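Counting from 1 along the sequence shown, just add 47 to a position and that's the residue number in the numbering used here.
Encoded as structure tokens, the structure appears first; notes follow it.
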Amino acid sequence: MGAAYGDNDLVLFESAAGIARITINREAKRNALSLATITQLTERLAQAENDLTVKVAILSGVGEKAFAAGADLDELPGVYADAATARKYDDTFAAFYRTLEFSRLPIIARMAGAAIGGGCLLALACDIRIAASHVKVGFPVPRIGLMLSPHEYQLILSQMTLSQAKWLLCTGQIMVGDEATSYGLIDQVVAPAKLDETVDELARKIVQGAPLAIAASKRILNAFARHSGLE
48 MGAAYGDNDL VLFESAAGIA RITINREAKR NALSLATITQ LTERLAQAEN DLTVKVAILS
108 GVGEKAFAAG ADLDELPGVY ADAATARKYD DTFAAFYRTL EFSRLPIIAR MAGAAIGGGC
168 LLALACDIRI AASHVKVGFP VPRIGLMLSP HEYQLILSQM TLSQAKWLLC TGQIMVGDEA
228 TSYGLIDQVV APAKLDETVD ELARKIVQGA PLAIAASKRI LNAFARHSGL E
């Protein structure tokens with residue numbers, strides 16, 4: 048088993064049997080995505096990427112309340128203090144989304160809790176999303192008056208039609224279950240008690256495959272999606 052980090056770490060990591068488990072460890076903050084958290088997520092993903100025994104990564108959040116709550120609101124006043132700082136903030140998140148996209152590893156979002164705003168974007172940046180049936184997802188941007196970055200709008204359009212994206216971003220509607228799957232926000236919804244079993248079964252199937260072929264398929268599919276204007 049690979050290294051497991053202590054409770055003071057913002058992101059935990061362990062690996063075994065070809066599966067890396069990367070877990071946001073901020074339960075008291077509903078696994079909010081601070082800049083430091085994004086930095087550690089990037090480092091943990093690189094750790095999995097560089098270990099050739101790892102064939103797939105599972106990304107999750109500690110606890111059952113939130114997969115990730117989105118931006119850490121305590122940081123936002125400083126982030127939006129000036130245009131340069133805001134651009135750097137957006138660039139940091141965009142770089143992490145690209146790291147997920149260009150990773151050789153299929154990345155499964157294990158969603159035991161809500162994924163709202165930036166948390167939903169993080170899930171969309173993963174390759175496959177499996178959620179417990181009660182999990183809420185969506186983008187409350189019209190309710191709080193925040194804009195997304197250009198890359199984040201592209202990320203949303205990579206998973207749904209233009210009209211679906213407009214519906215979500217103009218209404219701020221929060222979705223669960225089959226409705227969320229119909230919009231491409233979630234790929235599979237399962238009973239909470241079946242979440243780990245379902246995610247682990249998928250991960251084991253990927254481990255049994257040919258890693259070079261899987262990595263090539265991911266790369267080619269993403270390239271076609273970008274070329275077609277879907278990303």
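Cβ coordinates follow ideal geometry from the N, Cα and C atoms, glycine included.
Since we're looking at a predicted model, the values are computed, not measured.
Collapsed DSSP secondary structure at residue i in the structure displayed
i: glutamine 94; result: helix
i: phenylalanine 271; result: helix
i: alanine 63; result: strand
i: arginine 73; result: coil
i: arginine 68; result: strand
i: glycine 53; result: Residue confidence is low: glycine 53 scores 44 on pLDDT, short of 50, so the model does not pin down where it sits. Its coordinate-derived value is still stated next. Coil.
Residue from the options whose Cα sits closest to the Cα of residue i
i: leucine 242; options: Gly65, Arg176, Asp119 and Ser81; result: Arg176
i: leucine 216; options: Pro239, Thr208, Gly166 and Pro187; result: Pro187
i: serine 150; options: Ala64, Leu92, Ile105 and Phe114; result: Leu92
i: arginine 145; options: Ala128, Ala113, Asp129 and Leu168; result: Leu168
i: alanine 240; options: Ala159, Ile203 and Ala272; result: Ala159
i: leucine 195; options: Leu57, Gly219, Val246 and Ala270; result: Gly219
i: aspartate 247; options: Ile154, Leu82 and Ile203; result: Ile154
i: arginine 99; options: Leu152, Leu249 and Asp121; result: Here the sequence assigns leucine to residue 99, which means arginine is not the residue at that position. It is Leu152.
i: asparagine 269; options: Gly166, Glu96, Ser81 and Asp174; result: Asp174
i: leucine 120; options: Leu82, Ala161, Arg251 and Gly256; result: Leu82
Expected contact under 8 Å - CB spacing of residue i and residue j to nearest Å
i: glutamate 148; j: alanine 172; result: 7 Å
i: valine 223; j: histidine 181; result: 7 Å
i: alanine 161; j: alanine 227; result: Between alanine 227 and alanine 161 the Cβ distance is about 11 Å, and since that is not below 8 Å, they are no contact.
Same chain only: Cβ atoms within 8 Å of residue i, ignoring 5 sequence neighbours per side
i: isoleucine 221; result: Ile163, Lys183, Val184, Gly185 and Pro187
i: valine 254; result: Ala64, Gly65, Ile66, Lys102 and Val103
i: aspartate 17; result: Not covered by the structure: residue 17. The range shown for the chain is 48 to 278.
i: leucine 202; result: Tyr144, Leu168, Leu171, Ala172 and Glu278
Sequence-distant residues of its chain with Cβ nearer than 6 Å to residue i (five each side left out)
i: serine 107; result: Thr70 and Arg157
i: alanine 50; result: Low local confidence applies: a pLDDT of 46 at alanine 50 is under 50, so the model's placement there is unreliable, with the coordinate-based value given in what follows. Correct list: empty, nothing qualifies.
Other residues of its chain near residue i: CB distance less than 7 Å, five sequence neighbours each side excluded
i: isoleucine 10; result: Not covered by the structure: residue 10. The range shown for the chain is 48 to 278.
i: methionine 48; result: At methionine 48, the pLDDT of 42 sits below 50, so the modelled position is not reliable and the matter cannot be decided from this model.
i: valine 126; result: Thr132, Ala133 and Tyr136
i: glycine 117; result: Ala79, Leu80, Ile163, Gly164, Gly165 and Gly166
i: lysine 265; result: Pro153 and Asp174
Which runs of the beta strand (DSSP E) spanning at least 3 residues fall entirely within the region 75-162, listed in chain order?
103-108, 113-115 and 154-158
Of all the beta strand (DSSP E) runs that stay within the bounds of the region 166-232, which reach a length of 3 or more residues?
For the beta strand (DSSP E) assignment, the uninterrupted runs of no fewer than 3 residues enclosed by the region 166-232 are, from N- to C-terminal side, 175-179, 183-185 and 221-223.
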